[in-house]
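Beneath this line is the structure, given in structure tokens, with notes to follow.
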Amino acid sequence: MMLKVTGKMIEVRKYNSKDIRIKELGGVPMLTVRGDLSNKRFQTIIAKTCDVRIPKPLNIKSSKNLSLAWMSPDELLIFSFSGAFHEKTQKGLDSALKGLHSLILDVSGARSLFLVEGILWRELLAKGSPVDVRQSSFAKDAFRRTRIGQVSVAFWMASDNSVYIICGRSHSDFFYDWLCNAASDGSLTKYF
Amino acid sequence: MLRFKCPVCNTVADETELSPGGEAHIERMGPGSSDDAFYKYLFERKNPLGIHFERWFHAYGCGKWFHAARCTKTMEIFGTYKAQEIKPPKHIIDAITKKRPNWKNE
Ligand SMILES: [Zn+2]
């Protein structure tokens, strides 16, 4: 699902090949929340503060103000659609989760976000990732943590013809180069 | 190529998404144990050609450990189970004995 960020999404850099458009995007605030996702009180607090229930494992869900991604049985990742809402969510969770074994951390600067557009995005991912990216097994709302090349990433569909990918900030130069190289003209198969 | 179903997040993970953790169900020998027992705990591993119980770490995924039963000769995977199990659960033993009737768990 699209990250409907209000205000400016900064385009850090971009690359266009014949089939694929790659953009690195800045300005999307992210929060890591850790805690026991099976805990009833934790679930209620998340639902109340984020206005959306905790997604099923390997899924991502959105409300008006944010997207909520399932990272592991004890970790969530929140993409806020505005800086103001990001702060409000962090403060809200900080106070609501007091007394419950948990952690809230601003990871906006720790992750890089990429948007890959073009109908051949599945071919591009399949070049570097062991994930089955066929439509039948990787579809809308799926959120998959895996690797692309040797970079630890997570990706989910932005629309039918585009996909978001996040990776660690320190890998982003290498990963951007990897993506551009893999997307070069004439190099993508038409398998999917 | 090995593909394991991670029992924590239920993804079918490729071997390259995982880190191997070696033999499973090793009892820890701490202070108070004999030198011999501590030596065995640290260094002695089974390394069979056949059925092996192993630990795997879903490094590129949910970041959790789990157990797997695998044949080191044919690379067949009989099943995976949670890291919290202190011995192979019955459904794993059953899955192995169904295909290898002569196998004994030692
Ligand atoms: Zn997993």
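Heads up: the protein sequence lines correspond to chains W and U, in order.
If you use the working numbering, the first sequence corresponds to residues 111 to 302, in order.
If you use the working numbering, the second sequence corresponds to residues -9 to 96, in order.
Glycine included, each C-beta is placed from N, C-alpha and C at the ideal position.
What you are looking at is a predicted structure, and each value in this text was computed from that prediction instead of being measured.
Proximal chain U residues relative to residue i, where beta-carbon distance stays under 9 Å
i	result
W:Pro183	Val(-2), Cys(-1), Cys52, Lys54
Residue i: CB within 7 Å of a non-hydrogen atom of ligand 1
i	result
U:Gly(-4)	Sequence check: residue -4 of chain U is Cys here, not Gly. Flag set: Cβ of U:Cys(-4) near ligand 1.
U:Gly11	no
W:Thr303	With chain W running from 111 to 302 in the structure shown, residue 303 of chain W is simply not present.
W:His211	no
W:Thr159	no
W:Lys128	no
W:Gly193	no
U:Thr1	yes
U:Cys61	no
U:Cys52	yes
U:His48	yes
Any chain W beta carbon closer than 8 Å to residue i
i	result
U:Thr6	yes
Minimum Cβ-Cβ distance from residue i to chain C less than 8 Å
i	result
W:Ser262	No chain C appears in the structure shown, which is made up of the protein chains W and U.
For residue i, the three-state DSSP class (helix, strand or coil)
i	result
U:Tyr50	coil
W:Ser282	helix
U:Thr1	coil
W:Ser246	coil
W:Asp251	coil
U:Trp93	coil
U:Phe97	Here chain U covers residues -9 to 96 and nothing more, so residue 97 of chain U does not appear.
W:Lys300	coil
W:Glu233	helix
U:Ile86	helix
W:Gly209	coil
W:Gly228	coil
W:His196	helix
W:Gly145	strand
U:Glu97	Here chain U comprises residues numbered -9 to 96, so residue 97 of chain U is not present and cannot be evaluated.
W:Asn175	coil
C-beta neighbour in chain U for residue i, strict 8 Å
i	result
W:Pro240	yes
W:Thr142	no
W:Leu168	yes
W:Thr256	yes
Closer than 7 Å at the beta carbon, the chain U residues around residue i
i	result
W:Arg244	Result: empty, since nearest Cβ-Cβ is about 13 Å, beyond 7 Å.
Ligand 3 heavy atom lying under 7 Å from the CB of residue i
i	result
U:Gly11	Looking for ligand 3 in the displayed structure turns up nothing; the ligands present are ligand 1.
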